[in-house]
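Student: The structure under discussion is supplied below as structure tokens; questions concerning it will follow.
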Amino acid sequence: MFQLKENGTTVKRELFAGLTTFLTMAYVIIVNPIILSGAGVPVDQVFMATIIAAVIGTGWMALCANYPIAVAPGMGLNAYFTYTVVLASNGEITYTTAFSAVFIAGILFIIISLTPFREMLIKAIPENLKLAITAGIGLFIAFIGLRMSEIVVADTSNLVKFGDITEPAPLLTFIGLFITVALMARKVNGAIFIGMIVTAVIAMFTGQLSIDKVVALPHLPEGLIVFNPITAIQEVIEYGLYGVIFSFILVTLFDTTGTLIGVSKQAGLLKDGKLPRARKALISDSLATTAGAMFGTSPSTAYLESGSGVAVGGRTGLTALTVAVLFIFASFFGPLVGSLSVVAAITSPALIIVGSLMISVVKHINWDEMEDAFPAFLVILSMPLTSSISTGIALGFISYPLIMLIKGRGRAVHPLVYIFAVLFVLQLAYLPH
């Protein structure tokens, strides 16, 4: 079924690769519920929704596309969902309304993935803007990690300032950061997840964490949150969430495509530079996003951490299937995640470190040409400062074609970019953002 011999691998190697990938990305089942709980979503609901989205997306990637790549709710978009879409609305937009936007984004994403438009969109958008979006999201989630841990606190005269590191939360965060970075420097598989567990143990000994129960049967306190597309569309129109939907689609589009190509290249699975069964693989994130929204989680994407499994020999969907099965097993540990969610210092190091990994792509941006450098700079700078991924994307898409026109290179810009630029101007001028 998985063509193990043709791909030069074995069952044992694939199972070990799946375990490696799972340990490397397992932090998502702790971090995602904590971030989305800030929007008011029950931790148990997000925990199960995260696992459902991961199992559906990763299962599809395994059984239909036969790739060793895992899918789960993405870092960055969960923070954007909570802090920009819900909390910044001052109670006007509830998390159920925001999930309607995710649901519609998922449905549109499925349609786009079934047509050549997804590939056209990827080619139309300049590489420097794609890289800048990834880097900007990295700074955004790292800043959230610093805020959650109180390493950075509010300041009336300067907006933010350095917190009191003698307080328990920032002190524990720095300890967790040191442990995790040390593990990563030693190239330990699952370093972020192991770092969180060690930090949790320290929190228990210092009286910051109390665990009453570890395992329980999986359950969804609120059942299905969104299921009617008509109602969801009405809510999107009522609250003008067009920019939110576009941001969800655009970021997931780049993340999954980039991860698929990067990990497949690492595994030697590209044929003449092209990705076999690409369309089947690209449906995985849209299905996971749609299903995840129904149960209560932000958009899903392919995880770059899949490369850790490939590094130890994973080559087929059996690796991904192993990851999906391990996610199902993890669904019994809901009470433990609920206890960990109380202590921000346990998950803050993960956000800061993931942010540092994401911003590393800036080395590939062409900083020597103003038409490439300045739009990228605007995207990277504005995302953390405005706490909005969509605002960062908008500024990049508006400034890039303008500078290209001024330089006399307007014809080099794809028509779709001009359309997006006009839409973003209208959004920033007349719609909530």
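Residue numbers (our numbering): 58 to 490. Don't be surprised by glycine CBs; every beta carbon is placed ideally from N, CA and C.
#1: Round the Cβ separation of Ala-416 and Leu-196 to the nearest angstrom and send it over; I've been treating them as touching at under 8 Å.
#2: Would you mind working out which of Ala-83, Ile-282, Leu-216, Ser-447 sits nearest Gly-133, comparing C-alpha positions?
#3: Assign Asp-221 to one of three DSSP states: helix, strand, or coil.
#4: Which residues in the same chain have their Cβ closer than 7 Å to the Cβ of Gly-395, if we skip the five residues on either side of it in sequence?
#5: Would you say Ile-403 and Gly-202 are within 8 Å of each other, going by their C-beta atoms?
#6: Go ahead and pull the three-state DSSP assignment for Ala-129.
#7: How many angstroms separate the CA atom of Glu-292 from the CA atom of Val-142?
#8: How long is the line joining the alpha carbons of Val-271 and Phe-390, rounded to whole angstroms?
#9: Specify the secondary structure class of Thr-67 as computed by DSSP and reduced to three states.
#10: The alpha helix (DSSP H) with Val-301 in it runs from where to where?
#11: Just to confirm before moving on: does the CB-CB distance between Leu-378 and Leu-216 stay below 8 Å?
#12: Out of Trp-424, Pro-441, Val-399, point me to the one whose CA is closest to Gly-95's CA.
#13: If Val-320 sits next to Ile-126, beta carbons under 8 Å apart, how far is it from one beta carbon to the other, in whole angstroms?
#14: For the stretch 352 to 393, which segments carrying the alpha helix (DSSP H) assignment without a break, of at least 4 residues, lie completely within its bounds, in sequence order?
#15: With distance defined between alpha-carbon atoms, name the residue in Leu-485, Glu-428, Gln-484 nearest to Gly-465.
#16: Below 8 Å, can you find three or more Cβ-Cβ pairs linking the stretch 103 to 122 to the stretch 158 to 167?
#17: Between which residues of its own chain and Ala-181 is the CB-CB distance below 7 Å, once the five residues before and five after are set aside?
#18: Enumerate in chain order the residues of its own chain whose CB-to-CB distance from Asn-423 is below 8 Å, with the five nearest sequence positions on each side excluded.
#19: Name the DSSP bridge partner or partners of Val-209?
Tutor: This is what the structure holds:
#1: According to the sequence displayed, residue 416 carries Ile and not Ala. Their Cβ separation, rounded to whole angstroms, is 6 Å, which keeps Ile-416 and Leu-196 in contact under 8 Å.
#2: Minimum Cα distance to Gly-133 is reached at Ser-447.
#3: coil
#4: Excluding positions up to five away in sequence, the list reads Val-100, Asp-101.
#5: The Cβ atoms of Ile-403 and Gly-202 do not sit closer than 8 Å to each other.
#6: strand
#7: 13 Å
#8: 6 Å
#9: Coil.
#10: 299 to 324
#11: For the pair Leu-378 and Leu-216, the CB atoms are not nearer than the 8 Å cut-off.
#12: Val-399
#13: 6 Å
#14: 363 to 368, 374 to 387
#15: Glu-428
#16: Fewer than three beta-carbon pairs drawn from the stretch 103 to 122 and the stretch 158 to 167 are found closer than 8 Å, and the two stretches are therefore not classed as touching.
#17: His-471, Leu-473, Val-474
#18: Asn-185, Asp-429, Ala-430
#19: In the DSSP output, where bridge partners are listed per residue, Val-209 has Phe-219.
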